[in-house]
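Below is one structure, written out as structure tokens; comments come after it.
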Amino acid sequence: MKGDIISVQNLKKSYGKHIVLDGLNFKVERGSIFALLGENGAGKTTTVRILATLIQADSGIATIAGYNTHREPESVRQQISLTGQYASVDELLTGEENLMMMGRLNHLNRDAVKKRTSELLKQFELVNAAKKSVKTYSGGMRRRLDIAISLLVSPQVIFLDEPTTGLDPRSRRNMWNLIQQLSEDGVTIFLTTQYLEEADQLADKIAVIDNGKIVEEGTAEELKRMIGDEKLELTFDDLEVFQLASKLLQAQANEKERSISIQNGSPENLRNLLNTLHEHGIEPSSINFRKPTLDDVFIDITSRKRRGRSVHA
Ligand SMILES: Nc1ncnc2c1ncn2[C@@H]1O[C@H](COP(=O)(O)OP(=O)(O)OP(=O)(O)O)[C@@H](O)[C@H]1O
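In full-length UniProt numbering, the protein residues as written are 1 to 313.
Following this line, the structure appears as structure tokens:
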């Protein structure tokens, strides 16, 4: 069954005078990977906490599988599982013991717990570490155990709050593979992340949150397309020439690389830029076309905001 499994309408939350969520709207399609992307303090964890019924919004409506998080928290909790900062992994127990204990707490019978534990240990590559206490685990192993625990009872939606923060690049890649596998099993994944690359790699849809509002939304490709198909990059051998060129073109400049990035890579724009430079006796040493990255999207959104224009302008 397709359709939206999460719906958020005009969600607001403040702590005193501090507005954390300022009218949040988005929808998540069943079976998809959704990434809420934002910098530290943007409001990602607050959103997850509201959806997971840990705290209440001041106003607005959030539903999961049709259940209202405010009015039907028990039903919502039966649909979801939460990992990350909320995990209750016991350091002194082994990985296997943690799974068995949480299985029993979730009212699974003894045989079902045993079977599920052994399946999960295999799926999450923890068989060799099963009998070791969690305090000996690496960061990546802990995260894997945490997610395994959250899958003891099959949830419809799994919340992964910054699942790779603090992991080394190899563990991060392993975690990405694992998240993709989970998604192939049909579970809806709600991911929060500060990493553009992570959202780009994993998410079917990305919502960019900034100051408690969704400022852009779409697939990674749509977000990239939004700021133009191709960017132009001009480089200069001489520092003084580079500085003069960046003043003239008023574009994003990287002094270390003596390069200037231009959002609009159309032939007409290129001709105009070269004419401007030529009038001042300047020629770039190289001209490259480059497909935009999510980094470009982020820079574009924030620079438009600084100039006080609507993001959609
Ligand atoms: N219980 C609270 N009391 C007061 N302020 C809070 C509380 N919880 C969160 N905040 C504030 O709300 C803002 C958003 O926090 P939130 O944790 O949702 O951000 P985040 O996007 O998840 O960032 P991070 O990546 O740092 O976790 C922050 O400025 C934070 O200090």
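Backbone N, C-alpha and C fix where the C-beta goes; we use that ideal spot for every residue, glycine too.
These figures come from a predicted structure and were not determined experimentally.
Rounded straight-line distance, which links the Cα of residue j to that of residue i
{"i": "residue 5", "j": "residue 134", "result": "34 Å"}
{"i": "residue 92", "j": "residue 127", "result": "18 Å"}
{"i": "residue 279", "j": "residue 257", "result": "24 Å"}
{"i": "residue 204", "j": "residue 290", "result": "23 Å"}
{"i": "residue 233", "j": "residue 140", "result": "38 Å"}
{"i": "residue 77", "j": "residue 52", "result": "7 Å"}
{"i": "residue 23", "j": "residue 9", "result": "7 Å"}
{"i": "residue 42", "j": "residue 19", "result": "11 Å"}
{"i": "residue 186", "j": "residue 3", "result": "13 Å"}
{"i": "residue 160", "j": "residue 73", "result": "19 Å"}
{"i": "residue 236", "j": "residue 285", "result": "5 Å"}
{"i": "residue 295", "j": "residue 120", "result": "36 Å"}
{"i": "residue 211", "j": "residue 222", "result": "22 Å"}
{"i": "residue 17", "j": "residue 58", "result": "13 Å"}
{"i": "residue 90", "j": "residue 132", "result": "12 Å"}
{"i": "residue 163", "j": "residue 281", "result": "51 Å"}
{"i": "residue 314", "j": "residue 198", "result": "The structure shown does not extend to residue 314, since the chain is modelled only from 1 through 313, so no value can be given for it."}
{"i": "residue 183", "j": "residue 250", "result": "43 Å"}
{"i": "residue 225", "j": "residue 240", "result": "33 Å"}
{"i": "residue 274", "j": "residue 293", "result": "24 Å"}
{"i": "residue 118", "j": "residue 173", "result": "24 Å"}
{"i": "residue 178", "j": "residue 271", "result": "47 Å"}
{"i": "residue 242", "j": "residue 209", "result": "34 Å"}
Contact set for residue i: own chain, Cβ-Cβ below 8 Å, skip 5 residues either direction
{"i": "residue 138", "result": "171"}
{"i": "residue 62", "result": "6, 7, 8, 9, 11, 50, 51, 68, 69 and 70"}
{"i": "residue 106", "result": "152 and 153"}
Residue i - containing alpha helix (DSSP H), residue span
{"i": "residue 202", "result": "196-202"}
{"i": "residue 285", "result": "Taken as a continuous stretch (DSSP letters only), residue 285 belongs to no alpha helix (DSSP H), as it is neither H nor E."}
{"i": "residue 4", "result": "From DSSP, residue 4 is part of no alpha helix (DSSP H) but of the beta strand (DSSP E) over 4-15."}
{"i": "residue 123", "result": "110-123"}
{"i": "residue 247", "result": "239-249"}
Close-in-space but distant-in-sequence residues of the same chain around residue i (CB under 6 Å, 5 per side omitted)
{"i": "residue 75", "result": "67"}
{"i": "residue 34", "result": "28, 190 and 205"}
{"i": "residue 201", "result": "176"}
{"i": "residue 124", "result": "144 and 148"}
{"i": "residue 310", "result": "Low local confidence applies: a pLDDT of 46 at residue 310 is under 50, so the model's placement there is unreliable, and no value is given."}
Cβ shell of residue i (< 7 Å), same chain only, five flanking positions each side left out
{"i": "residue 65", "result": "5, 79 and 156"}
{"i": "residue 102", "result": "149 and 152"}
{"i": "residue 253", "result": "246 and 260"}
{"i": "residue 288", "result": "233"}
{"i": "residue 386", "result": "Because the chain spans 1 through 313 in this model, residue 386 falls outside it and cannot be assessed."}
Proximity below 8 Å, CB of residue i to CB of residue j
{"i": "residue 99", "j": "residue 148", "result": "yes"}
{"i": "residue 214", "j": "residue 220", "result": "no"}
{"i": "residue 37", "j": "residue 196", "result": "yes"}
{"i": "residue 130", "j": "residue 94", "result": "yes"}
{"i": "residue 217", "j": "residue 297", "result": "no"}
{"i": "residue 268", "j": "residue 277", "result": "no"}
{"i": "residue 39", "j": "residue 194", "result": "yes"}
{"i": "residue 188", "j": "residue 31", "result": "yes"}
{"i": "residue 13", "j": "residue 46", "result": "yes"}
{"i": "residue 165", "j": "residue 48", "result": "no"}
{"i": "residue 266", "j": "residue 158", "result": "no"}
Endpoints, beta strand (DSSP E) assigned at residue i
{"i": "residue 218", "result": "213-218"}
{"i": "residue 159", "result": "157-161"}
{"i": "residue 23", "result": "18-29"}
{"i": "residue 315", "result": "Residue 315 falls outside the range modelled here, since the chain spans only 1 to 313, and no answer is possible."}
Check: residue i C-beta below 7 Å from any heavy atom of ligand 3
{"i": "residue 194", "result": "As far as ligands go, the structure on display features ligand 1 and does not contain ligand 3."}
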